[in-house]
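Have a look at the structure below before the remarks.
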Amino acid sequence: MKLRYKILGGIFGVIAVAIVALGLVLGYDADCPPAPDIAEGAETMKGVTYRCYGSADVLVYGDVEKPVPADDEVLVKVHAAAVNPLDWHYMRGTPYIMRLGSGIGAPKDERLGVDFAGTVEAVGTNVSRFKVGDEVFGGRSGAFAEYLVIPKDRALALKPSNVSFEQAAAVPIAALTALQALQDKGDLKPGQKVLINGASGGVGTFAVQIASAMGAEVSGVCSTRNVEMVRSIGADHVFDYKKENFTDSGNEYDLIVDMVSNHSLSAIRSVLSEDGKLVIVGGASGDWLGPLMRPIGAMLQGPFVDQELFTLLARLKQSDLDLLADMMEGGRVTPVLDRTYPLSDIAEAIRYSEEGRARGKIIVSVP
Ligand SMILES: NC(=O)c1ccc[n+]([C@@H]2O[C@H](COP(=O)([O-])OP(=O)(O)OC[C@H]3O[C@@H](n4cnc5c(N)ncnc54)[C@H](OP(=O)(O)O)[C@@H]3O)[C@@H](O)[C@H]2O)c1
Numbered sequence: 351m352k353l354r355y356k357i358l359g360g361i362f363g364v365i366a367v368a369i370v371a372l373g374l375v376l377g378y379d380a381d382c383p384p385a386p387d388i389a390e391g392a393e394t395m396k397g398v399t400y401r402c403y404g405s406a407d408v409l410v411y412g413d414v415e416k417p418v419p420a421d422d423e424v425l426v427k428v429h430a431a432a433v434n435p436l437d438w439h440y441m442r443g444t445p446y447i448m449r450l451g452s453g454i455g456a457p458k459d460e461r462l463g464v465d466f467a468g469t470v471e472a473v474g475t476n477v478s479r480f481k482v483g484d485e486v487f488g489g490r491s492g493a494f495a496e497y498l499v500i501p502k503d504r505a506l507a508l509k510p511s512n513v514s515f516e517q518a519a520a521v522p523i524a525a526l527t528a529l530q531a532l533q534d535k536g537d538l539k540p541g542q543k544v545l546i547n548g549a550s551g552g553v554g555t556f557a558v559q560i561a562s563a564m565g566a567e568v569s570g571v572c573s574t575r576n577v578e579m580v581r582s583i584g585a586d587h588v589f590d591y592k593k594e595n596f597t598d599s600g601n602e603y604d605l606i607v608d609m610v611s612n613h614s615l616s617a618i619r620s621v622l623s624e625d626g627k628l629v630i631v632g633g634a635s636g637d638w639l640g641p642l643m644r645p646i647g648a649m650l651q652g653p654f655v656d657q658e659l660f661t662l663l664a665r666l667k668q669s670d671l672d673l674l675a676d677m678m679e680g681g682r683v684t685p686v687l688d689r690t691y692p693l694s695d696i697a698e699a700i701r702y703s704e705e706g707r708a709r710g711k712i713i714v715s716v717p
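Reading the sequence shown from the start, the letters are residues 351 to 717 in my numbering.
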């Protein structure tokens with residue numbers, strides 16, 4: 351065998367061993383350690399923690415240390431939180447590649463939850479944007495708890511008085527995702543045709559309303575039981591995916607926002623206008639590379655097609671939260687709420703989210 355083939359073979363062997371080793375390391379689940387002791391004299395609150403990856407059985411509801419705001423932080427008494435698929439991705443540590451950030455073997459951050467709404471309880475000395483008593487909503491890790499601290503310049507906004515804490519808690523991740531898909535990636539203009547695949551879920555119910563508020567002609571895809579709900583929140587046309595396939599419709603859309611990823615890229619492109627845009631939000635499942643396959647496919651095809659294929663990673667952006675607050679205040683967006691669970695039943699709330707059948711948002715009420 352020629353030397354260069356031996357060298358190439360050696361390189362491929364090393365890469366293969368490295369990939370297998372990385373897979374073993376990332377897929378390793380450490381045992382659940384006992385809860386650490388609470389510091390003597392520290393104030394406590396009820397909160398949800400997890401110290402190992404796994405099903406909702408790893409979630410622990412109990413006493414944890416109440417956070418104390420630093421000079422540039424706001425302490426919020428949480429009244430309501432909302433569940434997102436992101437929460438159980440963190441809980442399970444899947445897809446495994448995310449453990450490079452969330453912790454290998456066990457989570458680095460034992461708190462869970464992001465979306466919340468509540469009342470400002472205290473502010474640090476450097477905080478002027480908020481005052482004690484303000485009703486606020488936002489996104490910050492650790493939202494499944496009675497109290498939460500948020501740096502003053504992070505995703506925190508005043509709650510409009512015409513929406514409840516439960517409605518406001520429903521907003522951050524799902525509505526920011528919908529807004530950023532339609533506005534930032536999709537560059538949606540009044541009169542354009544947009545299709546929302548997954549219109550009845552957390553992100554979809556916001557996407558339908560925001561697209562409609564932006565003056566677009568909105569088509570939503572959902573199952574039979576949700577057709578009326580999706581129509582009622584502003585969809586001009588509804589595809590019942592149990593009876594028809596939107597990729598066979600012969601229609602042409604300027605923008606498709608895809609929360610489900612259940613059709614091939616070529617099928618989706620066949621119903622996109624020549625210079626249309628696809629925004630991939632989620633849907634594909636799998637512990638390993640499954641969720642990455644659609645974005646990778648779009649990245650590989652993108653340079654060779656006229657249509658634009660984007661993958662969205664939503665950001666908790668302060669100015670977008672303010673915009674959503676305005677939209678709620680003006681009645682252009684009203685969060686669609688599904689079930690509400692007490693914080694102590696967080697495991698049930700997460701199990702329900704994992705079923706993938708939510709109609710709008712799943713809420714957690716915090717006593
Ligand atoms: N990229 C990002 O930054 C980002 C941000 C947020 C969320 N995501 C991802 O986006 C996806 C959606 O999130 P979500 O919060 O909206 O989830 P969700 O609320 O759990 O979505 C559930 C909804 O999906 C509907 N659905 C299921 N199969 C469908 C199908 N074949 N066609 C149309 N609708 C279908 C269900 O309706 P039926 O029960 O009637 O089928 C249900 O109403 C998830 O994968 C999530 O991880 C990504």
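Here a beta-carbon is modelled for each residue, glycine too, at the ideal position from N, C-alpha and C. Source: prediction; values computed, not measured.
Considering only the alpha carbon of each residue, which of Val588, Ala634, Lys667 and Ala528 lies closest to Val568?
Locating residue 568 in the sequence shown gives position 218, where the first residue counts as 1. Selected option, being the one with the closest Cα: Val588.
Taking Ser452 as the reference, which of Arg401, Ser635, Leu532 and Met643 has the closest Cα?
One-based indexing of the sequence shown puts residue 452 at position 102. Comparing C-alpha distances from Ser452 to each of Arg401, Ser635, Leu532 and Met643 shows the shortest one belongs to Arg401.
If Val408 and Met441 are in contact, beta carbons under 8 Å, what's the gap, nearest whole angstrom?
Here residue 408 is taken as the residue at index 58 of the sequence shown, counted from 1. Here residue 441 is taken as the residue at index 91 of the sequence shown, counted from 1. In this structure Val408 is in contact with Met441, their Cβ atoms being roughly 7 Å apart against a cut-off of 8 Å.
Mind checking Ile712: buried by the 16 CB within 10 Å criterion, or exposed?
Counted from its first residue, the sequence shown places residue 712 at position 362. With 16 or more Cβ atoms within 10 Å of its Cβ, Ile712 is classed as buried.
Between Cys572 and ligand 1, is the CB less than 7 Å from at least one heavy atom?
Here residue 572 refers to the residue found at position 222 when the sequence shown is read from its first residue. Cys572: yes, Cβ under 7 Å from ligand 1.
Cα-Cα, which of Ser623, Asp608 and Asp590 is closest to Gly600?
In the sequence shown, the residue the question calls residue 600 occupies position 250. Nearest option by C-alpha distance: Ser623.
Asp379 and Tyr355 closer than 8 Å at C-beta
Within the sequence shown, numbered from 1, the residue matching residue 379 stands at position 29. Within the sequence shown, numbered from 1, the residue matching residue 355 stands at position 5. Their beta carbons are not under 8 Å apart, which means Asp379 does not touch Tyr355 by this criterion.
Run through the segment 489 to 513 for me and flag every whole beta strand (DSSP E) of 3 or more residues, listed as ranges in chain order.
Segments of the beta strand (DSSP E) lying fully in the segment 489 to 513: 497 to 501 and 506 to 508.
Runs of beta strand (DSSP E) wholly within the segment 439 to 474 (minimum 3 residues, chain order):
Runs found: 465 to 473.
Hey, Leu628 and Phe660: beta-carbon distance below 8 Å or not?
Counted from its first residue, the sequence shown places residue 628 at position 278. Counted from its first residue, the sequence shown places residue 660 at position 310. Contact flag set, yes.
Inside the segment 375 to 447 only - alpha helix (DSSP H) runs reaching at least 4 residues
Counting only runs of 4 or more, we get 435 to 442.
Are the CB atoms of Ile546 and Ala557 within a distance shorter than 8 Å?
The residue labelled residue 557 in the question sits at position 207 within the sequence shown. The residue labelled residue 546 in the question sits at position 196 within the sequence shown. Remark: C-beta atoms of Ala557 and Ile546 approach each other more closely than 8 Å.
Between the C-alpha atoms of Pro383 and Tyr411, what's the straight-line distance to the nearest angstrom?
Working through the sequence shown from its first residue, we reach residue 383 at position 33. Working through the sequence shown from its first residue, we reach residue 411 at position 61. Approximately 15 Å, taken between the alpha carbons.
Answer yes or no: do Val426 and Leu498 have a C-beta to C-beta separation smaller than 8 Å?
As a working mapping, residue 426 is identified with position 76 in the sequence shown. As a working mapping, residue 498 is identified with position 148 in the sequence shown. Contact flag set, yes.
Quick one: grab the DSSP three-state call for Ala598.
On the sequence shown, position 248 is the one that residue 598 refers to. At residue 598 the sequence reads Asp, which differs from the Ala that was named. Correct three-state label for Asp598: helix.
Can Pro435 be considered in contact with ligand 1, in the sense that its beta carbon sits closer than 7 Å to one or more heavy atoms?
For the purposes of this step, residue 435 is taken as residue 85 along the sequence shown, with counting starting at 1. Indeed, a heavy atom of ligand 1 lies less than 7 Å from the Cβ.
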